[in-house]
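Protein chains in written order, with the working numbering: chain V, 78 to 359; chain R, 78 to 359; chain E, 78 to 359; chain S, 78 to 359.
All C-beta atoms, glycine included, are put in the ideal place defined by N, C-alpha and C.
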C-alpha cells in the first residue's frame, strides 16, 4: 500500500469479469499504482480471474467493504467474523495486500445512541479474530472511520486508534477518508495527527464526493500534514459520481456530484496528483 | 431578521416556561440580537408567556422546526399543512418574525431514491398553502436545505431557490446552514451565491457542530461572500454541544462535539462576532 | 477586458517584433482571450506591427507599465503625464483597450514615510490629466495597488478607490493582483469587496509569483467573491518564473519561483481555468 | 524557548528602563511565557537592569535583531561578527536563552541579484564564528528567513537549513515567521516541513502584520503542521501595529495595520492561543 491509486467505483460497482477487466484497463490507462476493489459480495468474486488480471497488468490492489446487516460486529460478531474470513480469503487469493473499509459494521448502522461498552467489546473481539486470520494469510487489516450518519461506532481518527489499541493486533491500521474527516475532525488534519503511525491508507475524496479540488476540503492542509508525519501509505482517489440507485441509499447520494466521470479524471485526478507531488508524497 | 443571534439549543431543548426564561436571560447576557426558538412541539408552547417574556427583555425571535413523520409534506401534504398552520399561529402569537427550518419535511427523511416529481409537487403545493397562511399572519416563511443524510429532498442552495420559484410565494426565503453547506456545496460559499437575494437567514454552525472556529469551515470565505452579496439577514450561531439523547438520533451526534457549552460561548462566539464585524456584517 | 488572459512575461519581457510574435503565437496556442503587454519602453514599440499582429490573430490586448523614476507622479507629475500620454498613444495605436498597472509611480517607490497630502495631490492631478487623455483616445485607464515594499502610495483596494474618487474620472478603474492582496488585504477578498464596481481587471498571481494553485492564495475565496460581486472584467494569469536579471530587482525575485514555465502552463493554467469555470466566471 | 510569548514591539520599540519595565509588566498581565526583546542597539542596553527585571517577574526572554548596514555579514563579515559578539554578550548578561532574527544581515539588504557564492560564504563563516561564541556563552543562535523584499539572501525554510548545514554549528536553529512564509513558501506550511527538527522558534504574525486571525494566513494549516512535526519551541506573537516612523521604513508599514494595539491583544491573542491549544501546542 503505497503510491497513488483509485477506488474502482470510478469505473464499476460490479467486480465481475467484465467490470474487473474494464476497471483494470482504465487503471492502467491512468497510470494508477493500485486499485481499491469494492468487495461487496465476496462469494461472487472469481478470485483466480482477478488474480491473473491484476498480475498480467502489474496492478497492485487492496480490497474494501462494509458489512451486511446480519454480520455487523456490534450485534452479530460471530457471523461477522465468518463473513470477514471469507472476504480475507478472497483478498488473499486475488493477491491483494489488505482488506479495509468499514470492516467493523455497516454503512448506515446507527442505534440512535452512542456506542455502548458491549457494542465496542463485541467489535473489538471480532476484529481481533479477523485480524489474526488476516495475519495468517499475510494480510494487513484496516478500519475506516466514517461520518456520524453512516455509523455511530467509529467516526474519527482517535476513535480508530482507540479501537486498534483495544484489539492489540499489529497488522491492523487506520484508513482515513477526507470526506468523513471534513465532517468529523476538529480541523481536517486532526484525524491524521491522531492516527499518525497507525495511518497506512487514505481516501482522497472531496467534501461532496464529487470532483477533487472543487469542494471545501483544504487539500494543502491535508497533504502538508501527511508529509509532516512522513506518511508512506496509499493515497486513493474516491468519487461517487453516478452511483447506481441500489448503492446510492447507503451513501445518500441523490444527485450527480460531478458533471461526469470525465470531469473527475480530467480535472480532479491531476489536481490531486499535482498536490501530492508538491508535498513530495509521490 | 437581522443582527447576530443564537439557536436556543445552546441553553435548552425544552421551550417550556423554565427553559424559555433561562434561554432569554442568557441571550440577554450575551447581548444577542435575537433568539431562534426550536418549535418541536408547537401545541405545548405557552405563546402568551413567550410573547411577554420576549417583549419584556426586548428580545426578537424567530421559530424553526422539522416536521414529525406523519406530517412530511412529500407524503402527507395535508397533515403537514395543518401542522405548519398551528406552528405559524404560535409563531405569530409569540411575536416572532418568521418560521423556518426543515419546514418541508423531517430531519432524517430519506426514501433511498432521488426526490420524485410527485414528492416535489406535494412539497411545493403544501409550502404554497403554508406560505399564504404565513403571509396572512404577517410572517416570513423559510426553508433550510440540509445535508444528504438528513433529507433526500433539498440539500443545496440552488435546490432551495428552485423550490421557492416553483412555489412562487414572495414571503418565502432561503435559510442556509454552514454545517450543511460544508458537506453539500461546491465550495462553502456556493450556496450563498446561488441563494443570493433569497437568502435571509443563515446558521453559523461549525463543520462538526461544535465550537465555531475550531473546525473545517472556511469562515473568511463565508463572511466575505455574505458581504459581497450585501447580506442583511440574520446570523444565527448554532452548536449541538451536549444534546439530550432523544434529540441526538435525528442529528446523529454521538459524542460531545465541544468540551463544554462554555467553550462555545467563550471561544466560538467571539470568533464569529469578530469575523462578522471584520466583514462589516455587524 | 473580459475573459481569461495572460501577462506576456510568461513568454517575453521584450515586446520587440520577435518577442511579440512569439508571445502572440503562444497566447493563441493556449486559447487566451487577451494578452497583457508590458509596455516598459513605450517609445521603442512598433505599434503598427503590434496592431497588425494582434488583429491577424484575433487577439485582444491591454497594456501595463510602471513609471521610470524621473516620471513618478508624486514627485514629477508633469514629466509623468508626458510619459503616460506617449504610452496611451502607443496603447491606442496597438488597438488595445486600456492602459493599467502602476500608472501612478514606480515599482519600488518608497520615501520611508506614509504618503503625504502633497504626494497624493500630485498623483491625483496627474492621473486626472492622463485619464482625460485616455478618454480622448477611447481608452480605459487603470491603477494597480501593489504591496508595501513596491510602493508606499497605494497598497490596497480601498486606497485605489479613494484615489479614483479623488480624481473623479469615469474611465478609470481598479486593477487588483492576488499576489499583492495576499499581503495587504484583511482577508484575500477584502480588496475585491472594497473595489467592487470599480474593479475591471485582476491579476491572478500566486503568493510567491510561481505556479498558480501551488502557493498560499485562497483561490476559492477569491473566485467566489468575484462571482458574488458579478465581476465581468479581465482575469489575467501572471507568473514571474525565470525573470531576466534586470527585471528581477524591481520585483525582488531571487530564485526560480516555479520549476519551469511549462509547470505554470501545464499545472497552473488549468487550475485557474477550472476554478474560474466552477464559479461561472468563464 | 517554549510556550507562548510575544515580541516586545507590542509595547515598546525602546528597550530602555522605562520601555523594559512597561513591556515586562504587560507580558505578566497577559500571562506570557516569554518575551522577545528587540536588541536594536545592544550597547545601549542596561543588561543588569533587564536581568533583574526579568528574574523578578519570572519572565523568560530571547533577544532578536537585524544588523546595521556596516555589519552585514555578506559584505563586512568581521564587523558583523564583532557586532554579534556584543549582542550575544548582552543576551547572556540579560539571562536570555537565545539570540535570533536576521542575524545574518540587514532588513532591506538587497543587491539586486541572487545571492552570490561569495556572499553566502561570508555569511556562513561569520555565522560560524558567532555561533561558536554563542555556544561559549551557553546560548542558542537562530536565523530568520525574511521575505524577498527584506533580503535577497535567505527567504525560505529550506534556505535556512542549507545555511545551517553549511555552517555546521549545533547550537544554531531556524526561526520562522508566518508573515514571511505566507509570501515565500509553496504552501504556508512548507517552511515548517523543510525546517523540521531545526525549527525551534516561530513568529506568529498575520499576513499584513496586523491582528492575528484577521488576515490571509491559514492558521489551521500552520498549527496542524507544527503539531505534526512535534514542535516544542517558542510560539511568539508579533504585530507591527503603530510603528514609530523611524522603524517603519525597514518594515514598510505605511498605515496602521490594526485598529489598535488593544484589538491585537483582545482579538488576536485569544485567537492564537485557542488555536495553539486546539492543536495541543500549549
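Residue-level contact to chain E via CB, residue i, 7 Å cutoff
| i | result |
| --- | --- |
| residue 259 of chain S | yes |
Contacts that residue i makes with chain E (C-beta to C-beta distance below 8 Å)
| i | result |
| --- | --- |
| residue 263 of chain R | 355 |
| residue 232 of chain S | 331, 332 |
Inter-residue spacing [alpha-carbon to alpha-carbon] between residue i and residue j
| i | j | result |
| --- | --- | --- |
| residue 177 of chain V | residue 170 of chain V | 16 Å |
| residue 236 of chain E | residue 91 of chain S | 31 Å |
| residue 136 of chain E | residue 214 of chain E | 20 Å |
| residue 344 of chain R | residue 259 of chain S | 25 Å |
| residue 148 of chain S | residue 248 of chain S | 22 Å |
| residue 246 of chain E | residue 328 of chain E | 29 Å |
| residue 145 of chain V | residue 307 of chain E | 49 Å |
| residue 158 of chain S | residue 203 of chain S | 6 Å |
| residue 155 of chain E | residue 140 of chain E | 21 Å |
| residue 276 of chain V | residue 270 of chain E | 42 Å |
| residue 193 of chain R | residue 331 of chain V | 11 Å |
| residue 187 of chain S | residue 101 of chain E | 34 Å |
| residue 325 of chain S | residue 287 of chain S | 14 Å |
| residue 87 of chain E | residue 317 of chain E | 7 Å |
| residue 315 of chain E | residue 230 of chain S | 24 Å |
| residue 121 of chain V | residue 292 of chain V | 36 Å |
| residue 125 of chain V | residue 342 of chain R | 59 Å |
| residue 280 of chain R | residue 181 of chain R | 17 Å |
| residue 335 of chain S | residue 265 of chain E | 16 Å |
| residue 294 of chain S | residue 263 of chain V | 18 Å |
Neighbour list for residue i in chain E, Cβ cutoff strictly below 7 Å
| i | result |
| --- | --- |
| residue 291 of chain V | 355 |
Where residue i meets chain E, residues with beta-carbon distance less than 9 Å
| i | result |
| --- | --- |
| residue 301 of chain R | 264, 265, 266, 267, 269, 270, 298, 301, 302, 305 |
| residue 187 of chain S | 326, 329, 331 |
| residue 322 of chain S | 189, 190, 191 |
Contacts of residue i in chain V (Cβ-Cβ under 8 Å)
| i | result |
| --- | --- |
| residue 24 of chain R | Since the first residue shown for chain R is 78 and the last is 359, residue 24 of chain R is missing from the structure and cannot be characterised. |
Listed by chain order, chain V residues near residue i by CB distance under 9 Å
| i | result |
| --- | --- |
| residue 224 of chain E | Within chain V, no residue comes near residue 224 of chain E; the closest Cβ sits about 22 Å away, beyond 9 Å. |
Residue i: contacting residues in chain S (beta-carbon distance under 9 Å)
| i | result |
| --- | --- |
| residue 295 of chain E | 293, 295 |
Contact set between residue i and chain R, taken where Cβ atoms lie within less than 9 Å
| i | result |
| --- | --- |
| residue 287 of chain V | 263 |
Chain R contact for residue i (CB, 7 Å cutoff)
| i | result |
| --- | --- |
| residue 351 of chain S | yes |
| residue 153 of chain S | no |
Contact with chain V by residue i, beta-carbon distance below 7 Å
| i | result |
| --- | --- |
| residue 181 of chain R | no |
| residue 326 of chain R | yes |
| residue 21 of chain R | Given a span of 78 to 359 for chain R in the structure shown, any question on residue 21 of chain R remains unanswerable. |
| residue 344 of chain E | yes |
Chain S residues whose Cβ lies nearer than 7 Å to that of residue i
| i | result |
| --- | --- |
| residue 347 of chain E | Going along chain S, no residue has its Cβ under 7 Å from residue 347 of chain E, so there is no contact; the nearest lies around 18 Å. |
Interface residues of chain R facing residue i [CB-CB closer than 7 Å]
| i | result |
| --- | --- |
| residue 284 of chain V | 259, 260 |
Near the ligand NAD: residue i beta-carbon under 6 Å from a heavy atom
| i | result |
| --- | --- |
| residue 218 of chain V | Summarising the ligand content, the structure contains no ligands, and the ligand NAD is consequently not present. |
- Which parts of the region 276 to 326 of chain E are runs of the alpha helix (DSSP H), unbroken and 4 residues or longer, counting only runs that do not cross its ends? 296 to 305
- Task: Could you please tell me which residues of the region 88 to 104 of chain V, in chain order, have their CB closer than 7 Å to any CB of chain S?
- Result: none
- Contiguous alpha helix (DSSP H) assignments of at least 4 residues, all confined to the region 112 to 162 of chain R: 124 to 133
- Message: Any C-beta of chain R within less than 9 Å: which residues of the region 123 to 141 of chain S qualify?
- Response: none
- Curious, which full-length beta strand (DSSP E) runs of at least 3 residues does the region 190 to 242 of chain R contain? 217 to 220
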